[in-house]
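Residue numbers (the working numbering): 1002 to 1291.
Here's the structure, in structure tokens; my notes come after.
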Amino acid sequence: MTRFGLTILWMLHFLPRRFISVFGRLMGLLFFALASDRRRVVAKNLELCFPKLSPRERARLRLKHFMSLGRAIADCSIVWWSKASSIKKLAKIEGKEILDKALSEGPVIVLAPHFVGLEILGIRLSIEEHAQTMYSTQKDPILDKFLRSRRTRFRETKLISRQDGIKGVIRALKARLPLFFLPDMDFGPKDAIFVPFFGVSAATIDAVPRLAALTKAKVVPVTIRQFGPNEPYKIKFFPSWENYPSANLLADTKTMNKFIEEQALSMPEQYYWVHKRFKTRPPGDAKLYD
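Below, the structure is given as structure tokens:
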């Protein structure tokens, strides 16, 4: 099944972008129709994060999310197989000078929240920069091997799993190899603290402020935004956070979640709502997902 899906995506990359976008929207609708478990997860996440929206408004947002996700997956056909010049047309970069300046001054952690175009962001930036990044090993060995090869095809990118030791990450940071860190997944209570996300207590990895304190790294956030069918994605770097980290780990983690929340509010259909962000609960709290 994996080989079949990848073959379909490979065939897509030969086609005009507008057709790829239409196919992606249809793929998102198919995913919406068939993936009842993920449909329920998205519905629950939107209910928790947007309680002021009416059920009809949340239903519309949920459908828009699946279509946006489908488009992003279809557009991965371009970053996975097309040449660098085509990928540069697919995603434009704004604020790259912010990253360059930060790297010239010392270690840098690039904070990259989970928006639907994250795969596109990573490969597009790999054309410009050597980096190290977090990587979750895929259960399917075919998919795992494929993703590793695609994410390192332009430059040697150091892929770090959660099982790898932290010493190598720190050494690379001090050697000015930026760390692209994906901070908004629920990996359970280990190495996490509970802080609000859209007003809901969420188990949040506290590694960003910890690593920044250990290495004196600047934290430079980056997002990717999807636009119309024929328009390029926009990758945007934000100025590094001032006086970060502080001496207060809880406050620093709240600052991180607040930034992600603000960006999700600016493009709510594009945040990665299919993830069970609130799966881990504080002691005594009831489960939020079926």
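A virtual CB, placed ideally from N, CA and C, is assigned to each residue, including glycine.
Could you give the DSSP three-state label for residue i: helix, strand or coil?
{"i": "Arg-1226", "result": "strand"}
{"i": "Ser-1022", "result": "helix"}
{"i": "Gln-1133", "result": "strand"}
{"i": "Phe-1116", "result": "strand"}
{"i": "Val-1201", "result": "strand"}
{"i": "Asp-1128", "result": "Inspection of the sequence shows that residue 1128 is occupied by Ile rather than by Asp. Coil."}
{"i": "Leu-1031", "result": "helix"}
{"i": "Lys-1191", "result": "coil"}
{"i": "Phe-1181", "result": "strand"}
{"i": "Leu-1016", "result": "coil"}
{"i": "Leu-1289", "result": "coil"}
{"i": "Val-1042", "result": "helix"}
{"i": "Val-1080", "result": "helix"}
{"i": "Leu-1160", "result": "strand"}
{"i": "Lys-1219", "result": "strand"}
{"i": "Val-1170", "result": "helix"}
Answer yes or no: do residue i and residue j have a C-beta to C-beta separation smaller than 8 Å?
{"i": "Ala-1075", "j": "Phe-1024", "result": "yes"}
{"i": "Asp-1207", "j": "Leu-1180", "result": "no"}
{"i": "Phe-1116", "j": "Gln-1271", "result": "yes"}
{"i": "Thr-1134", "j": "Gly-1123", "result": "yes"}
{"i": "Trp-1160", "j": "Arg-1152", "result": "Inspection of the sequence shows that residue 1160 is occupied by Leu rather than by Trp. Yes; because the gap between Cβ atoms is below 8 Å, this pair is in contact."}
{"i": "Val-1196", "j": "Thr-1254", "result": "yes"}
{"i": "Ile-1079", "j": "His-1014", "result": "yes"}
Just to confirm, does residue i get its C-beta within under 7 Å of one of the non-hydrogen atoms of the ligand SAH?
{"i": "Met-1257", "result": "This structure lacks the ligand SAH; in fact it carries no ligand of any kind."}
Going by other Cβ atoms of all chains shown within 10 Å of its Cβ, with 16 needed for buried, is residue i buried or exposed?
{"i": "Phe-1182", "result": "buried"}
{"i": "Met-1002", "result": "exposed"}
{"i": "Gly-1029", "result": "buried"}
{"i": "Leu-1266", "result": "exposed"}
{"i": "Tyr-1290", "result": "exposed"}
{"i": "Ile-1009", "result": "exposed"}
{"i": "Trp-1274", "result": "buried"}
{"i": "Met-1068", "result": "buried"}
{"i": "Pro-1240", "result": "exposed"}
{"i": "Phe-1005", "result": "exposed"}
{"i": "Ser-1127", "result": "buried"}
{"i": "Trp-1242", "result": "buried"}
Who does residue i pair with in a DSSP beta bridge?
{"i": "Tyr-1234", "result": "Ala-1092"}
{"i": "Ile-1261", "result": "According to DSSP, which records beta bridges pairwise, Ile-1261 is partnered with nothing at all."}
{"i": "Tyr-1272", "result": "Phe-1116"}
{"i": "Val-1109", "result": "Lys-1219"}
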